[in-house]
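A.B. asks: Under our numbering, read the sequence shown as residues 10 to 289, first letter to last.
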Amino acid sequence: MIKLLALDLDGTLLDSSGKISPENRRAIKRAEEIGVLVTIATGRRFRDAQPVGLEIELNAPMICHNGALLKYAKSLETVDVSILPHETLSDILRVGTEFGADAMMSCDPHGKGILYYDRVSEANLPLQSYIAWSKRLHGKDAESAIHHVENLSDIIHINETVHVSFSGTCSPMNELREVLQSELHLSANIVATVYPHLDFTLLDILPYGASKGVAVENLALSSELSKENVMVIGDNFNDMEMLEYAGTAVVMGNASPELLENEKFETTLSNDENGVALAV
Numbered sequence: 010m011i012k013l014l015a016l017d018l019d020g021t022l023l024d025s026s027g028k029i030s031p032e033n034r035r036a037i038k039r040a041e042e043i044g045v046l047v048t049i050a051t052g053r054r055f056r057d058a059q060p061v062g063l064e065i066e067l068n069a070p071m072i073c074h075n076g077a078l079l080k081y082a083k084s085l086e087t088v089d090v091s092i093l094p095h096e097t098l099s100d101i102l103r104v105g106t107e108f109g110a111d112a113m114m115s116c117d118p119h120g121k122g123i124l125y126y127d128r129v130s131e132a133n134l135p136l137q138s139y140i141a142w143s144k145r146l147h148g149k150d151a152e153s154a155i156h157h158v159e160n161l162s163d164i165i166h167i168n169e170t171v172h173v174s175f176s177g178t179c180s181p182m183n184e185l186r187e188v189l190q191s192e193l194h195l196s197a198n199i200v201a202t203v204y205p206h207l208d209f210t211l212l213d214i215l216p217y218g219a220s221k222g223v224a225v226e227n228l229a230l231s232s233e234l235s236k237e238n239v240m241v242i243g244d245n246f247n248d249m250e251m252l253e254y255a256g257t258a259v260v261m262g263n264a265s266p267e268l269l270e271n272e273k274f275e276t277t278l279s280n281d282e283n284g285v286a287l288a289v
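Right, here's the structure in full:
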């Protein structure tokens, strides 16, 4: 019997306009009413995911930062967090600088979260758009949510950093991923979220051992559940570990072909066709 439901956010629970459909909302509420724990498992930082968690009144801690942070949306109670060691963080920033990539550091895991950046290249339109979107999302709290600093390396010893992200078009980000994997030597977990139709890739560098799959498993174990009691729904490569862990794994109709073609996973309709509600 399913007792824990973990939902990816972008491309899964949210439609293409970033909204939760009434059908998906009702399905979540029905699941909670019969005793199922429902959580979001997202690559988003906590502050960017919190509004959704509050909107649908989740009864379990949210899994954010691709699994590096478990935190309740309403109470802000931190259930579990993984932190990047300063030495690893320094190596990540060095590699990014040498590559010419724009780094963003996600810090403050015991608060709402602060995003730090020191440069955004003129060509990095997706990152410019993200910063503008995040500032609109947080409104009057935007100044406390996103900080521009002179140099990220100057603040690594005065902050707890959950993850570092780089973003850009697919080809250079794939190259950067290979360089990071070679340089970091398993001291961190590198997770890619790829959107080929947009020619966009997001790289999240997490503490070693952190992933959505590990976070979902830990949440299940803390509730004395086995993987047979767990259902997860996702659409991208950063969902792979939790899909492989869960007893019931469902991929969205809009998912990457590699996921849709995996015979171990069930499939549902797209995020614009209430695929979550159908699966639930």
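Positions of the beta carbon are idealized from the N, C-alpha and C atoms, including for glycine.
Please report the straight-line C-alpha distance between K273 and P181, rounded to a whole angstrom.
C.D. replies: One-based indexing of the sequence shown puts residue 273 at position 264. One-based indexing of the sequence shown puts residue 181 at position 172. Distance between the alpha carbons of K273 and P181: 31 Å.
A.B. asks: Using a threshold of 8 Å, state whether the C-beta atoms of Y204 and L161 are closer than that.
C.D. replies: Here residue 204 is taken as the residue at index 195 of the sequence shown, counted from 1. Here residue 161 is taken as the residue at index 152 of the sequence shown, counted from 1. Their beta carbons are not under 8 Å apart, which means Y204 does not touch L161 by this criterion.
A.B. asks: T48 lies in the alpha helix (DSSP H); which residues open and close that run?
C.D. replies: One-based indexing of the sequence shown puts residue 48 at position 39. No alpha helix (DSSP H) holds T48; the beta strand (DSSP E) holding it covers 46-49.
A.B. asks: Determine, using beta-carbon pairs with one atom in the region 83-94 and one in the region 151-161, whether at least three such pairs fall under 8 Å.
C.D. replies: Counting Cβ pairs under 8 Å, fewer than three are found: no touch.
A.B. asks: Answer yes or no: do L230 and A69 have a C-beta to C-beta separation smaller than 8 Å?
C.D. replies: In the sequence shown, residue 230 corresponds to position 221, counting from 1. In the sequence shown, residue 69 corresponds to position 60, counting from 1. No, the pair does not count as a contact, with Cβ atoms beyond the cut-off.
A.B. asks: Rounded to whole angstroms, what is the Cα-Cα separation between E64 and K28?
C.D. replies: For the purposes of this step, residue 64 is identified with residue 55 of the sequence shown, where counting begins at 1. For the purposes of this step, residue 28 is identified with residue 19 of the sequence shown, where counting begins at 1. Taking the straight line from one Cα to the other gives about 11 Å.
A.B. asks: Using 8 Å for Cβ pairs, my map puts S3 next to L212. What's the rounded Cβ distance?
C.D. replies: Because the chain in this structure spans residues 10 to 289, residue 3 falls outside the shown range and cannot be described.
A.B. asks: Tell me whether P118 sits in a helix, a strand or coil according to DSSP, three-state version.
C.D. replies: On the sequence shown, position 109 is the one that residue 118 refers to. Coil at P118, not helix or strand.
A.B. asks: Going by beta-carbon coordinates alone, are V241 and A15 separated by less than 8 Å?
C.D. replies: Start at 1 with the first residue of the sequence shown, and residue 241 comes out as number 232. Start at 1 with the first residue of the sequence shown, and residue 15 comes out as number 6. Contact: yes.
A.B. asks: Who are the near neighbours of F209 in its chain, counting only those whose CB is closer than 6 Å to its CB and skipping five residues on each side?
C.D. replies: To locate residue 209, count along the sequence shown from 1; it is residue 200. Correct list, in chain order: P135.
A.B. asks: Note down the Cα distance separating L268 from E42, rounded to an integer number of angstroms.
C.D. replies: Numbered from its first residue, the sequence shown carries residue 268 at position 259. Numbered from its first residue, the sequence shown carries residue 42 at position 33. If I take the Cα positions, the gap works out to 30 Å.
A.B. asks: Around the Cβ of Q59, are there at least 16 other Cβ atoms within 10 angstroms (buried) or fewer (exposed)?
C.D. replies: In the sequence shown, counting from the first residue as 1, residue 59 sits at position 50. That one is buried.
A.B. asks: Looking at P60 and the ligand SAH, is the gap between the Cβ and the nearest heavy atom below 7 Å?
C.D. replies: Judged by which ligands are present, the structure shown has none, so any question about the ligand SAH falls away.
A.B. asks: In terms of residues, what are the limits of the alpha helix (DSSP H) holding L102?
C.D. replies: For the purposes of this step, residue 102 is identified with residue 93 of the sequence shown, where counting begins at 1. Segment 95-108, the alpha helix (DSSP H) holding L102.
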